[in-house]
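Last residue of the sequence shown: 672 in the UniProt record's numbering, with the numbers rising by one and none dropped. Using N, Cα and C, we set each Cβ at its ideal position, and we do this for glycine too.
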Amino acid sequence: MYSAAAASPPPRRDFISVTLSPEEAVGAGGYNNSKAWRRRSCWRKWKQLSRLQRSVILFLFAFLAVCGVISYTSMGEPWKSLTNKSVDDQRTEPEIPGLKLANPAVLPAPQKADANLGDYAELSPQKPPKPPHVWRGPSNLQIKPPRRDVRLKTRHDTSRVVEEQVQADKEEKTEKSIISWRGAVIEPDQSTEPPSSKIKEPEKPSSVEAEDQKEPVPINERQMAVIEAFRHAWKGYKDFAWGHDELKPLSKSYSEWFGLGLTLIDALDTMWILGLKEEFEEARKWVANDLVFDKNVDVNLFESTIRILGGLLSTYHLSGDSLFLEKAKDIGNRLMPAFKTPSKIPYSDVNIGRGTAHPPRWTSDSTVAEVTSIQLEFRELSRLTGDEKFQKAVDEVMKHVHTLSGKNDGLVPMFINTNSGQFTHLGVYTLGARADSYYEYLLKQWIQGGKKENELLEDYMRAIEGVKKHLLQKSQPKELTFVGELAHGHFSAKMDHLVCFLPGTLALGAHNGLTADHMKLAEALIETCYQMYAQVETGLSPEIVHFNLHAQKGHKDVEIKPADRHNLLRPETVESLFYMYRFTGDKKYQDWGWEILQNFNKYTRVPTGGYTSINNVQNPSNPEPRDKMESFFLGETLKYMFLLFSEDIDLINLDKYIFNTEAHPLPIWVPA
């Protein structure tokens, strides 16, 4: 309790009151919203600032001014360069010696043809002469690259890249890594990088710039013949087998393997390349509405990967349509259970509905070709999705096979056990069925990844030396060079038609800097593959031939056994003819392909639609049709025919694309 006497007095407050009339304020120079008053007010406030504050403000203004001058100076030269380049592009684009610009964009920018292409004595990249008009792709379908890191640069952008690359080459000239293998010297492209273990997030496709789109123009007669053949085959499939795996053209029905529309998916990118817009759009609708992978069905890992996953990825790259990428991710994820094995060597079969995998009923082995020929597709799926699990799974397979014993100078056996991870059935070596695409994918993975994965290159080069040492022989009487087989030290003069992939693969390696004798061997082998057609009564090759090693009166180089005389409309020879023509410009390869197409039309064409494989290539009067059109006839054979007859090296440019073993082009990786 406080008493009144103890309470302190309240504090004293003083006030000052000033009153100005409007007239007095104005007359005294007060605020009147005039510019002069505001200037005086700003100056008064500036004078009220301390010396330090004024110094800081002046320093900031000076710093901004200097930055502006530097920015103007640094941007002046690029703008000048771009302006000069756009003018120079109307004349010519200079070549810079030693510089390779890898650019995996889809249907890439047109390149100038060499001035003189009549002389093919020297092999230089993709030499065929170009006609004044080249037609590419559907006229009204926008061609889009898949993502920014594989985007097709405009020529203005290329100018800047060239200048930067030349400077980088000068700085790194002494640091170039060189791979040497038995006389082959390979300088890795400076424009490429090894695939990163960190997968970048995917980006949406962006439209290709208008200046990089060629106007659709008429194509040559041979290409028109391929289009007509495709439409005839497609008519049979559409009328009698729509949405099913394969056409049976004679019985006007279909056969199922996986029940996933194999022929349609295999043919998607072929239709795009041939420019068949209506057929493509119709097939796309089926993919969007009817292609479902959630099925209780066993599929073969290898066949599903190269045909379905490869076909969807390729079509996505060509069209930029995300529908195909989504479908590719779906099937890719459903195939992953195959890798859940003790050895990480995948099982051959997967149930894509149940998510289970298993080996064949009769063995725990997988074939070497099947487990080592799925890498291009799964690696690309990782790059596009940002999910590294796909690439990691298939890379582990290759690293494991690289370390295995049981090879013979780089040649591998045909089988590998999924439990132990070891080769089985040792001592048998072939470049035919069950081993063929192992060798193909060694080279193609090396190219796909930017020529940096040296283990792949070493295995490929060693294998080719093994082929030369153990499997190469000459026939009689024409001395045709062929690739036989080796079984427990015994040489067999047997050669599958499948081996005819090898000339094209050798030529691709030589084009990418490998030893020149690979091209010489390719030229000899493609002659042999052509003779496998030319020396047969129908002009069509059998599935397997045996070569005569000793001259016999009345005998040709090629002998055919009754069990081997069927023809399945296979693409391997046409595939190699395409590579050989693209790299040499020798028109005899086009002529050989034209002969093969004419013989397909003569002996395998079914009037009501479709083409059929035949049982007897030695009987022109009755080739014994088998009533089956394989999906690869549309996916590979006719596609390679069309590309073989094209004079446009930019129609699937081989410096920008790598074909999987089902002829589906995937981009070669370049730095972001």
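State the beta-bridge partners of residue i as determined by DSSP.
i	result
Pro-665	Phe-659
Pro-625	Ile-614
Asn-300	Asp-349
Asn-567	Ile-614
Ala-357	Val-350
Ala-487	Val-428, His-490
Phe-547	Val-558
Leu-411	Asn-408
Just how far apart, CA to CA, sit residue i and residue j?
i	j	result
Ile-331	Val-66	57 angstroms
Ala-463	Arg-354	39 angstroms
Lys-639	Asp-655	18 angstroms
Leu-442	Tyr-460	6 angstroms
Pro-337	Pro-346	8 angstroms
residue 695	Ser-304	Given that the chain is displayed from residue 1 to residue 672, the structure contains no residue 695 and the question cannot be resolved.
Tyr-657	Val-69	44 angstroms
Leu-64	Trp-669	41 angstroms
Ile-544	Gly-236	28 angstroms
Leu-456	Ile-374	15 angstroms
Ala-435	Asn-296	30 angstroms
Ala-534	Ala-563	20 angstroms
Leu-384	Ser-631	26 angstroms
Asn-653	Lys-520	23 angstroms
Gln-165	Trp-234	Residue placement at Gln-165 cannot be trusted, given a pLDDT of 46 that sits under 50; the coordinates are not used to answer.
Tyr-530	Asn-417	36 angstroms
Leu-60	Trp-46	16 angstroms
Glu-523	His-244	39 angstroms
Glu-559	Val-368	28 angstroms
Met-629	Leu-471	32 angstroms
Leu-568	Cys-500	14 angstroms
Asn-622	Ser-319	42 angstroms
Rank the options by C-alpha distance to the C-alpha of residue i and give the top, closest one.
i	options	result
Phe-390	Ala-369, Arg-582, Lys-340	Lys-340
Leu-643	Glu-662, Ile-308, Gln-590, Gly-610	Gln-590
Asp-557	Pro-477, Ile-70, Ile-544	Pro-477
Cys-611	Asn-220, Ala-338, Phe-240	Sequence inspection shows Tyr at residue 611; the Cys mentioned does not correspond to that position. Checking every option, the nearest Cα to that of Tyr-611 belongs to Phe-240.
Phe-423	Lys-235, Leu-431, Met-414	Met-414
Ala-229	Asn-616, Val-617, Gln-598	Gln-598
Glu-370	Met-532, Ala-433, Tyr-581	Ala-433
Leu-262	Leu-309, Asp-627, Ile-227, Ala-225	Leu-309
Met-641	Glu-572, Asp-586, Phe-583, Val-617	Glu-572
His-550	Glu-485, Leu-480, Leu-276, Glu-575	Leu-480
Asp-650	Pro-665, Val-292, Lys-407	Pro-665
Gln-473	Phe-491, Glu-465, Ala-487, Glu-458	Phe-491
residue 677	Val-536, His-488, Thr-367	Nothing about residue 677 can be read from this structure; the chain reaches only from 1 to 672.
Asp-269	Asn-660, Asp-648, Gly-635	Gly-635
His-232	Phe-659, Asn-660, Phe-633	Phe-633
Ser-437	Phe-302, Pro-620, Ile-447	Phe-302
Ile-566	His-518, Pro-359, Met-532	The sequence shown places His at residue 566, rather than the Ile named in the question. It is Met-532 whose Cα lies nearest to the Cα of His-566.
Lys-285	Phe-324, Leu-426, Phe-659	Phe-324
Leu-264	Phe-280, Ser-251, Leu-250, Leu-274	Phe-280
So is residue i buried or exposed if we call it buried at 16+ other beta carbons inside 10 Å?
i	result
Phe-378	buried
Glu-624	exposed
Arg-51	exposed
Glu-278	exposed
Ser-21	Legend: pLDDT at Ser-21 = 46, less than 50; position of this residue unreliable, no value from coordinates given.
residue 673	Residue coverage of the chain in this structure runs from 1 to 672, which leaves residue 673 outside it and unanswerable.
Met-224	exposed
Ser-613	buried
Trp-592	buried
Ser-541	buried
Ala-663	buried
Arg-626	buried
Thr-83	Reliability fails at Thr-83, whose pLDDT of 45 lies under 50, so the model's placement of it is uncertain and the value that follows must be treated cautiously. Per the 10 Å Cβ criterion, exposed.
Is any non-hydrogen atom of the ligand FAD found closer than 7 angstroms to the C-beta of residue i, if you look at the structure I gave you?
i	result
Lys-47	For the structure depicted, the ligand FAD is absent and the ligand set is empty, with no information on it obtainable.
If I follow the unbroken alpha helix (DSSP H) through residue i, where does it start and stop?
i	result
Arg-403	Here residue 403 turns out to be Thr, not Arg, going by the sequence shown. Taken as a continuous stretch (DSSP letters only), the alpha helix (DSSP H) holding Thr-403 covers 389 to 403.
Asn-601	588 to 603
Val-499	Taken as a continuous stretch (DSSP letters only), Val-499 belongs to no alpha helix (DSSP H), as it is neither H nor E.
Ile-652	Taken as a continuous stretch (DSSP letters only), Ile-652 belongs to no alpha helix (DSSP H), as it is neither H nor E.
Gln-445	436 to 448
Gln-223	221 to 240
Going by DSSP, what residue range makes up the beta strand (DSSP E) through residue i?
i	result
Ser-366	365 to 367
Lys-248	246 to 248
residue 683	Nothing in the structure corresponds to residue 683, since the chain is present only between 1 and 672.
Lys-474	472 to 474
Thr-385	No beta strand (DSSP E) holds Thr-385; the alpha helix (DSSP H) holding it covers 375 to 385.
Ser-255	253 to 255
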